[in-house]
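Residue numbers (this note's numbering): 502 to 728.
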């Protein structure tokens with residue numbers, strides 16, 4: 502399905518195990534993106550255009566979570582985070598409620614093909630073109646979730662606003678229809694809550710403070726503070 506795409510490529514599918522639990526793809530010699538490169542804005546602009554082309558593919562895959570199931574997911578996250586830091590249950594609950602209140606807005610948006618777990622480690626550069634990998638969460642859904650997830654990953658890695666804006670510019674030019682900033686903030690908020698436990702999984706001694714920082718940043722985004 503991606504063979505005719507001009508702005509990106511994907512590893513060629515080779516086959517699957519008989520039980521459907523293991524998939525084989527062509528080995529890629531692509532390289533990781535160098536965040537210290539002077540060409541980073543240009544690279545990210547190209548990735549933005551590539552994601553726009555990917556989102557426009559007319560593939561009918563399984564649907565991703567509609568707003569109601571996303572609300573259920575946020576409630577599960579609320580429960581998990583509250584068990585980890587019970588003394589902050591109120592703040593966690595307030596942030597989750599704020600996110601839940603805006604999720605129904607997405608039901609008015611058109612669906613597109615989504616990667617479903619888009620971040621910098623899912624993209625390699627091969628012969629000056631982005632190579633997208635890891636599609637186990639791909640399906641149809643709302644483009645703002647991919648965009649917000651990727652932007653939040655860039656932010657967490659210390660990528661400058663100018664370079665982040667280059668990604669957004671590339672996406673806008675490629676899609677011809679920029680995603681509304683408030684919807685992007687919903688995507689960023691979802692990404693923050695979904696990843697809030699990652700420091701604990703990585704055995705980071707500061708996992709509590711980082712978990713709470715994710716919750717607080719999500720709240721700021723939903724209040725319109727996009728710093």
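All C-beta atoms in this analysis are idealised placements derived from N, C-alpha and C, irrespective of residue type, glycine included.
- By the Cβ test, the region 641–660 is in contact with the region 543–562, since at least three Cβ pairs between them sit closer than 8 Å.
- Straight-line measurement puts the Cα of residue 631 at about 29 Å from the Cα of residue 702.
- Taking C-beta atoms as the reference points, residue 624 and residue 532 fail to come closer than 7 Å.
- Of the other Cβ atoms in all chains shown, fewer than 16 fall within 10 Å of the Cβ of residue 543; this residue is therefore exposed.
- Taking a contact to require three or more Cβ pairs closer than 8 Å, the region 600–607 and the region 566–585 qualify as touching.
- Nearest to residue 541 by C-alpha distance, out of 618, 666, 599, 583, is 666.
- The region 657–665 makes no contact with the region 578–590, as fewer than three CB pairs between them are under 8 Å.
- The beta carbon of residue 576 lies closer than 6 Å to none in the same chain, with the five residues before and after it left out.
- Of the candidates 503, 721, 551, 655, the residue whose Cα lies closest to the Cα of residue 676 is 551.
- With a cutoff of 7 Å on beta-carbon distance, residue 693 and residue 715 are scored as near each other.
- Sequence-distant partners of residue 524 (beyond 5 residues in either direction) whose C-beta falls short of 6 Å from its own C-beta, in its chain, are 517.
- Spanning the alpha carbons of residue 530 and residue 599 requires a straight line of approximately 43 Å.
- Taking a 10 Å sphere around the C-beta of residue 505, we find fewer than 16 other C-beta atoms and assign the residue as exposed.
- Beyond the five residues adjoining it in sequence on each side, residue 681 comes within less than 8 Å, by CB distance, of 645 in the same chain, given in chain order.
- In this structure, residue 651 sits away from residue 614, with a CB-CB distance that is not shorter than 7 Å.
- In this structure residue 720 is buried. Its beta-carbon is surrounded by 16 or more other beta-carbon atoms within 10 angstroms.
- Cα atoms of residue 535 and residue 672: separation of roughly 20 Å, rounded to the nearest angstrom.
- The three-state reading of DSSP puts residue 557 in coil, since its state is none of H, G, I, E or B.
- Of all alpha-carbon atoms in 616, 654, 653, the one lying nearest the alpha-carbon of residue 638 is that of 616.
- Put simply, the backbone Cα of residue 573 is about 17 Å away from that of residue 643.
- By the Cβ-count criterion, residue 549 is buried, with 16 or more other Cβ atoms from all chains shown falling within 10 Å of its own Cβ.
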